[in-house]
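Below is one structure, written out as structure tokens; comments come after it.
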Amino acid sequence: MRKTVLITGAAGFLGSHLCDKFISEEYRVIAMDNLITGDLKNISHLFQLENFEFYHHDVTKFVHVPGNVDYILHFASPASPIDYLKIPIQTLKVGSLGTHNLLGLAKEKNARILIASTSEVYGDPLIHPQNEEYYGNVNTIGPRGVYDEAKRFQESITMAYHRFHGLETRIARIFNTYGPRMRLNDGRVIPAFIGQALRGENLTVFGDGSQTRSFCYVDDEVEGIYRLLLSDYALPMNIGNPEEITILDFANEIIKLTGTEQKIVFEPLPQDDPLQREPDITKAKQILEWEPKVSRREGMQKTFEYFKNLSKEELFKSEH
Ligand code: NAD
Ligand code: UDP
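Everything in the sequence shown is counted per the numbering used here, starting at 471 for the first residue and increasing by one.
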């Protein structure tokens, strides 16, 4: 008998890659999305499969699916700073009400649930690299607070269901992940820089570019999430690539990768933009025997190929 997995946020970047992974592992996949930031083209190749079905549904409303469900992966949420600044209330609702609905469904179905948490629970971190014991440094009322606090609430209510109801829960603290199917205009740094290079625009580095991030290729991230789901570890776990780089160095890498003749221009740093970020993945290495395998060079090459193949219309389409 095939196991059944429900994936929310399935038409988004990570959700669609998770659908591919679970299909390739022979699961029956129920995909759910309200398409607020996602796109059906990310999963359209799965529509003809008999073990794949799609529900167009907003998970902040009561969630019901018929039949047996073994696993739930709750990935629905705006995920890029400009998305969650544009739709702050929906961001808070999907992390709180949406998570509550899915925990309720998991309880009803006796399913194991994994929630997509984030490095943003650490806020602008005061320790480096960040390990899971760090409580974080979040500005609750700042513009990013809608995302960070929704995710922190999500972790709290998930642990409450685990402790109070004995629900099988998993919490993945995902660090910056990239790859094909990111939305060109979602404002995140990789589609932003590659899009600018392809359109012949200057690359916009925010601040002086000394802030750091550590980028994980999507195939590695999906494998880490998959292993966490199947593990017996209920506390939060960092899943990310510890290879850290400054945003200025990264802009220069993308100039080389794309061969653009454009320059770097500096723009103001958004409020509460974390100054440094690098996951401590000791736990994932020990417990999941997982660590990233794809180098930034290889991952960025694949990502660039994807964006290069988009139509001119998509490349110049502006949502913001
Ligand atoms: P994405 O925007 O590509 O995908 C999110 C999906 O959720 C979209 O398809 C959107 O339409 C859907 N969605 C949003 N609100 C919904 C609702 N109320 N009901 C149903 N569907 C809804 O973003 P992503 O990068 O794929 O992120 C997926 C998850 O992973 C998010 O929970 C995000 O917080 C988390 N995460 C991602 C990263 C990253 O680097 N990509 C890092 C940390 C955490
Ligand atoms: N950034 C930038 N130029 C851009 C978009 C982003 O310099 O056009 C910076 C941003 O200020 C941040 C880093 O790149 O320091 C990563 O931003 P992203 O939105 O990708 O992710 P997050 O801040 O959520 O880690």
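Quick reminder that beta carbons are idealized off the backbone N, C-alpha and C, glycines included. It should be emphasised that the depicted structure is a prediction, and the values quoted were computed from it without experimental measurement.
_For Ile-500 and Val-529, believed in contact at Cβ under 8 Å, the rounded distance_ = Actually they do not touch by this definition, with Cβ atoms about 12 Å apart.
_In chain order, what are the residue ranges of uninterrupted beta strand (DSSP E) at least 3 long that sit wholly in the stretch 553 to 629?_
582 to 588, all fully within the stretch 553 to 629.
*Give the straight-line distance between the Cα atoms of Gly-729 and Ser-566, rounded to the nearest whole angstrom.*
So the two alpha carbons sit approximately 43 Å from each other.
_Host alpha helix (DSSP H) of Thr-773 (start-end)_ = Residues 766 to 778.
_So, at 7 Å on beta carbons, what are the nonlocal neighbours of Pro-551 in its own chain, with the 5 sequence-adjacent residues on each side left out?_
Within the same chain, Cβ atoms closer than 7 Å to the Cβ of Pro-551 are found at Arg-614, Gly-657 and Pro-740, the five residues on either side in sequence being excluded.
*What are the boundary residues of the alpha helix (DSSP H) that includes Ile-725?*
717 to 728 is the span of the alpha helix (DSSP H), which, as asked, contains Ile-725.
_Using a Cβ-based criterion (distance less than 8 Å to any ligand heavy atom), does Thr-728 qualify as near the ligand NAD?_
Not under cutoff, so the answer is no.
*In three-state terms, what does DSSP make of Asn-708?*
When secondary structure is reduced to three states using DSSP, Asn-708 falls in the strand class.
*Does the stretch 719 to 729 come close enough to the stretch 552 to 561 that 3 or more CB-CB pairs lie under 8 Å?*
The stretch 552 to 561, when compared against the stretch 719 to 729, does not touch it at the 8 Å Cβ threshold.
*Simplified DSSP assignment, three categories, for Ser-684*: Correct three-state label for Ser-684: strand.
*Run through DSSP, which three-state label would Thr-752 get?*
In the three-state reduction of the DSSP assignment, Thr-752 falls in the helix class.
_Taking 8 Å as the cut-off, is the C-beta of Asp-719 nearer than that to any heavy atom in the ligand UDP?_
Judged by the Cβ position, Asp-719 fails to qualify as a neighbour of the ligand UDP at the 8 Å threshold, every heavy atom of the ligand being at least this far.
*Between the Cα of Ala-667 and those of Asn-708, Glu-590, Ser-765 and Glu-731, spot the shortest distance and give me the residue it belongs to.*
By alpha-carbon distance to Ala-667, the top candidate from Asn-708, Glu-590, Ser-765 and Glu-731 is Glu-731.
*asked:* With H, G and I counted as helix, E and B as strand and the rest as coil, what does DSSP make of Val-499?
replied: DSSP places Val-499 in strand when its eight states are reduced to three.
*asked:* Just to confirm before moving on: does the CB-CB distance between Phe-524 and Leu-510 stay below 9 Å?
replied: Annotated as proximal: Phe-524 and Leu-510, with beta-carbon spacing under 9 Å.
*Answer yes or no: the CB of Met-459 versus the heavy atoms of the ligand NAD, is any distance below 8 Å?*
A question about residue 459 goes unanswered here, because the residues of the chain that appear run from 471 up to 790.
*Assign Tyr-617 to one of two classes, buried (16 or more other C-beta atoms within 10 Å of its C-beta) or exposed (fewer than that).*
Tyr-617 should be labelled buried.
*Chain-order list of residues whose beta-carbon lies under 7 Å from that of Leu-758 (same chain, five-residue window excluded)*: Cβ contact annotation for Leu-758 (same chain, cutoff 7 Å, sequence separation greater than five): Gly-694, Arg-697, Leu-698 and Ser-701, in chain order.
*Unbroken beta strand (DSSP E) runs of length 3 or more, entirely within the stretch 632 to 663: which are they?*
As far as the stretch 632 to 663 is concerned, its whole beta strand (DSSP E) runs of at least 3 residues are 639 to 644.
*Could you spell out the range, first to last residue, of the alpha helix (DSSP H) harbouring His-487?*
Per DSSP, the continuous alpha helix (DSSP H) segment holding His-487 begins and ends at 483 to 494.
*Could you please give me the residues that DSSP links to Ile-513 through a beta bridge?*
Paired residues: none, contrary to the question.
*Under a three-way DSSP split, which group does Phe-786 fall into?*
Secondary structure of Phe-786 (DSSP, three-state): helix.
*Boundaries of the beta strand (DSSP E) in which Leu-476 is found, first to last residue*: Residues 474 to 478.
*Whole-angstrom C-beta distance between Pro-744 and Asn-708, which should lie under 8 Å*: Incorrect: roughly 15 Å between the Cβ atoms, too far for contact.
_Distance cut-off 8 Å: Gly-574 Cβ against heavy atoms of the ligand NAD_ = Outside the cutoff, so no.
*Whole-Å CB distance - Lys-556 paired with Tyr-631, under 8 Å assumed*: About 30 Å separates the two Cβ atoms, so there is no contact after all.
_Cα-Cα separation, Ile-715 to Gly-612_ = Here the alpha carbons of Gly-612 and Ile-715 stand approximately 25 Å from one another.
*asked:* Among the candidates Asn-655, Gly-574 and Pro-661, whose CA atom is the shortest distance from the CA of Tyr-648?
replied: The shortest C-alpha separation from Tyr-648 is found at Pro-661.
*Look at the alpha carbon of Cys-686 and the alpha carbon of Pro-762, and state the distance between them as a whole number of angstroms.*
The alpha-carbon atoms of Cys-686 and Pro-762 are separated by roughly 7 Å.
*Just tell me which of His-570, Ala-546, Arg-683 and Ile-506 has its CA closest to the CA of Ser-626.*
Checked all of His-570, Ala-546, Arg-683 and Ile-506; the closest Cα to Ser-626 is His-570.
_Less than 7 Å between C-beta atoms, sequence neighbours within five positions excluded: which residues of the same chain meet that for Ser-684?_
In its chain, beyond the 5 residues on either side, Phe-645, Asn-646, Gly-710, Asn-711, Pro-712, Glu-713, Glu-714, Arg-747, Glu-748 and Pro-749 have a beta carbon closer than 7 Å to the beta carbon of Ser-684.
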